[in-house]
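A quick write-up on the structure given underneath.
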Amino acid sequence: MINCEFDRRRFLQWTGASLLATMSTQLSLESLASAASHSPLPAKTPILVLVTLYGGNDGLNMVVPFEDPVYHRVRSNIALSSSQLIPITHSLAFNSSMPAISALYKRRKVAIVQGVSYPDPSLSHFSSMAIWQSASLTGLSSGWIGRWLDQQPHNAFNAIGVGSNLPPAFVGVTSVASMVDVGGIQLPSGPVASVLPSLGHSSSSDVALEASAATSITDLFSTAKRLSQHIPKSPSGSWIGQQLSLVSAMINANVPTRVWEVNLSSFDTHTGEQGDQNALLADVDAAIGAFMKSISAGDRSREVTVMIYSEFGRRVESNASDGTDHGTSAPVLIIGNGVKGGLYGEQPSLKHLDPNGNLKVAMDFRSVYGGLLHDVLATPVSDIIPSWKKALSVH
Amino acid sequence: MTLTPAYEQRLATARLLHRFNFGPTPGQYSNLLERGLEATQSTVLVQGRNDPGIDSVKRLVLGDLGYFPSGNNQAKSNEFWNRIEKDSSDLVMWWLDRMVAAHYPLTERMTWFWHGHWATSISSVTYPLTMKKQNSTLRSHALGNFEGMAREMVVDGALNVWLNNNENYVQAPNENLAREFMELMTLGVNHYTQNDVAAAALALTGYSTDQSNGRVTLNPKEHFSVPLGILGTSGVFNAESLAKLVVSRNDNVQFITDRLWFRFVSGSTTPPATLAASFANRDISSLVNALVHSTAWTDPANALVKSPVEWFVGACRALRVRPSSLDANDTQWVLSQMGQVPFNPPNVGGWTYGTAWLSGVSFQYRYQLAQAIVAKGDLAPLSVQPLNMVQACADWLGIPEWSRRTANALTLALGTPSELALAAILSPEYMVSA
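Sequence order for the protein chains is A and B.
Quick note: to get my numbering, add 18 to the position in the first sequence (first position is 1).
Quick note: to get my numbering, add 129 to the position in the second sequence (first position is 1).
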């Protein structure tokens, strides 16, 4: 069997975005803390958080057309049973691995944009992710957020990717977003912990380098303090949870960043899909639940919008390995206290498929971007996506 | 500030031990203070040909792993990459063990310096065997003649892979190796022209490296064998004659002298004009000897920050901990978070220096590493209770004098040897070699 696990490095090479991406600045938590206190993000500034699910997330087992007999017939080995569903309308249900997002939906904080893809969808991870991240069907090598960055006054904090891989969406023509690692801040604990802060005091006998070494000790303690009580003292929980808790801490600490990106891989469920996807969705759900709780308790409760997307959905009919092969359209979730929750677009038919047995496309992702560019980043879509005018507003 | 002779001796002794010998073993600092500065100078200069410390490190034998597995054989591919990972990890721990175990650490210390100078990263060389081969080349020339080192290094397999000499063809020259060889390794920037680089690249054509074992062979048919003009000299060149020519330039003398001064003495002062004379014959040991006997060691301006590896190795020596007795993955992960893992420099320019090593975030990793070392450490030197335990700690680690700040902090930790050790190796005085 060919290993289809999505490889971002190969993807970066494919898009030709790797050169500028290697010039991205790795920001330290100290520099974020310092920016937050010296040039905090002005109040009421909208913030966008992108959640990229690499590998092709199965939309049909995330937002499930559970009343459609076709769903149960063509997916008999992976269809979710009624105990694995949280119904939200008479015909649609969330996967029960997503209790937090279902609860947010019921409070009208979640927009489900159905059937999202683009004309003549590619079934290649690399091509399709390149199309989504560049917002171009013809191979623009810059990313959509990167082109937005190109238009902003230069500032290393405008857009930040979490982790050590920068998404190609964050690479512009002349600008590139920064990165921050999930390391978190671990304050020393244990018996000697009370002694360490005193090692950071300055001393009149210090030469300059000793003074810097002392400062490094003080910096650790003051950074942790300045990054507010929200900072995860030691990252724990799932990988996506660690990333999102760092982002909520930074937002609540007023770091001057307009766009964040976090990501999770392994959605390429060709085999044993139910167990794997349910576990991944549960991680995403718990992370989003904690994130929204933290944001709702802060000063920017209504300003933060999250978009969750993947490069494609999966084949309607399951395969013999209890999995699914590459597909086309799938729902995009947009979450936030300022979002008008509900269903957008329409659920593509499970009967009238394209020639490959895949869902038809009900909504172009560029319209979704258009709405976010307008409502969150105050930028006309045609400035970022050449000759595209449509914008789906969910705000 | 005028320094008392006693303090000057403490300062110079501490600097010589930390900078040329990875720091003192327990008791060594006090002992050398009694024996005087000359004894210290000759002690740090001993080259251990038969070093019982080094002999006690388990030999590391790496196999030639051959080509990457091709096709879709997932099991074979996993096996291959697991082996690469295991060998790489073993290689790092093996070298760290040697640095810590050496009774006469100068050779390992110089090899470490040259690794940063000819900075080659396993990230693109991939094969630990090929990196280990370069490591032994650097060790065998570490205190020898620089011309011999340069002649062997210009055809070193790891360096050739790293700087793309495998992609250097007469029809399509790749200048990477030629340029960095002159700019970063032998002459310094602006001491050659672009024409020299282009010609040197042609002189380096025809060499191809077997990446998995570092074997370099010259294929005469692929080699440019037409006369070239390089640095004002005409002739048909190969790698060896190119290296000879470049190292014979006067610029090489000052360049290498400056590099050693920068890494061993100070990033903010320049060497005295007379120092370079000791390198006139390209004899590395003569230059190191002159450095050790220079008057720089009592000048307060000549402070340096220890790099993460130097700090780690020093602490392991003081606490008699073999790095391989620590968790290999954790140790290398924490070192990577601090920014320095042997065999993996960030780029061909080598590692950074100075205050770049001193960030708050890196302190949390330093603390983790310190805890791991102390947990395995021999705390005997801290378990006796002399009248002045705080002073005894300074003598144990080779610190000329604690600041009042650190003396106060250590006083808080008195009574529990492990806490005292932890606070001492995390002190500002120990993070730097002031």
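Using N, Cα and C, we set each Cβ at its ideal position, and we do this for glycine too.
Is any beta-carbon of chain B found at less than 8 Å from that of F24(A)?
Residue confidence for F24(A) is low, a pLDDT of 37 falling below 50, so the modelled location carries little weight; the figure read from the coordinates is stated next. So, not an interface residue.
Practice prompt. Measure the C-alpha to C-alpha separation of D393(A) and N355(A) and round it to an integer number of angstroms.
Written response: 14 Å
Selected residue, minimal CA-CA separation from Q102(A), among N75(A), S230(A), D340(A) and V81(A) | It is V81(A) whose Cα lies nearest to the Cα of Q102(A).
Practice problem: Closer than 7 Å by C-beta to R238(B): which residues in its own chain qualify, once you throw out the five before and the five after it? Chain order, please. | Solution: F149, N150 and F151
| request: Identify whether M80(A) lies in helix, strand or coil by the three-state DSSP scheme. | output: coil
By the three-class DSSP mapping on this structure, what secondary structure does V382(B) have?
helix
| Which residues, in chain order, does the segment 227-241 of chain A contribute to contact with chain B at a C-beta distance below 9 Å? | L227, E228, A229, S230, A231, A232, T233, S234, I235, T236, D237, L238, F239, S240 and T241
With DSSP as the reference, identify every bridge partner of P234(B), one or two as the case may be. DSSP, once it has assigned bridges, lists Q176(B) as partnering P234(B).
| Taking C-beta to C-beta, are E558(B) and E228(A) nearer than 8 Å? | yes
Backbone secondary structure at R126(A) - three-state DSSP: coil
| In DSSP terms, what T154(B) is bridged to | In the DSSP output, where bridge partners are listed per residue, T154(B) has none listed.
Note to self: From the DSSP secondary-structure annotation, give me the bridge partner or partners of Y336(B).
What the structure shows: L347(B)
**Report entry** Contact belief for G182(B) with A231(B) at Cβ below 8 Å, rounded distance in angstroms
**Finding:** Contact flag correct, Cβ pair sits at about 5 Å.
**Prompt:** Taking just the CA atoms, how far does K373(B) sit from D380(B)?
**Reply:** 13 Å
Q. CB-CB under 6 Å to R165(A), same chain, minus the five flanking residues each way: which ones, in chain order?
A. G190 and I402
Check: Anyone know if the C-beta pair for A174(A) and L368(A) falls short of 8 Å?
Finding: no
ask   = From what residue to what residue does the alpha helix (DSSP H) around T70(A) run?
value = Per DSSP, T70(A) belongs to no alpha helix (DSSP H); it is in the beta strand (DSSP E), I65 to L71.
* Asked: Is V198(A) close to chain B, meaning its C-beta is less than 8 Å from at least one C-beta of that chain?
  -> No Cβ of chain B is located within less than 8 Å of the beta carbon of V198(A).
Check: To the nearest whole angstrom, what separates the beta carbons of D286(A) and A118(A), a pair I think is in contact under 8 Å?
Finding: Not quite, the Cβ-Cβ distance comes to about 24 Å (not below 8 Å), so this is no contact.
- Message: Nearest by alpha-carbon distance to A7(A): which of L78(A), S221(A) and L141(A) is it?
- Response: Nothing about residue 7(A) can be read from this structure; chain A reaches only from 19 to 413.
Contact list for S221(A) against chain B, beta-carbon separation under 7 Å: S532, R533 and R534
What residue from F242(B), P474(B) and S395(B) has the CA that sits closest to N431(B)'s CA?
S395(B)
- Taking I353(A) as part of the beta strand (DSSP E), name the residues at either end of that continuous run. That run of the beta strand (DSSP E) goes A348 to I353.
Within its chain, find whatever has a CB closer than 8 Å to the CB of N21(A); leave out the 5 residues flanking it on each side and keep chain order. Any reading at N21(A) must be qualified, since the residue scores a pLDDT of 29, below 50, and its modelled position is unreliable; the value itself is stated next. None.
Give a yes or no on whether 8 Å exceeds the smallest Cβ distance from E296(B) to chain A. no
* Using a beta-carbon distance below 8 Å, is E208(B) in contact with chain A? -> no
To the nearest whole angstrom, what separates the beta carbons of A509(B) and L551(B), a pair I think is in contact under 8 Å? Not a contact, Cβ separation roughly 16 Å.
| query | Where does N264(B) land, buried or exposed, given buried means 16+ other C-beta within 10 angstroms? | reply | buried
- prompt: Using a Cβ-Cβ distance under 8 Å, would A35(A) count as near chain B?
  reply: In this predicted model, A35(A) has a pLDDT of only 44, less than 50, meaning its place in the structure is not dependable; the value taken from the coordinates is given anyway. A35(A) does not count as touching chain B.
- Query: Along chain A, in chain order, which residues have C-beta atoms closer than 7 Å to that of Y496(B)?
  - Reply: P206
Straight-line CA distance for S152(A) to Y387(A)? 11 Å
- prompt: Within 8 Å (strictly less), CB to CB, does V210(A) reach chain B?
  reply: yes
Local conformation of L487(B) per DSSP, three classes | L487(B) falls in the coil class under three-state DSSP.
Margin query: Need the endpoints of the beta strand (DSSP E) that E558(B) sits in, please.
Written below: No beta strand (DSSP E) contains E558(B), which is instead part of the alpha helix (DSSP H) from P557 to M560.
(Q) Counting C-beta neighbours from all protein chains within 10 Å, is the total for N113(A) 16 or more, i.e. buried, or is it exposed? (A) N113(A) is buried by the Cβ-count criterion.
- Distance, Cα to Cα, A542(B) vs A419(B)? 41 Å
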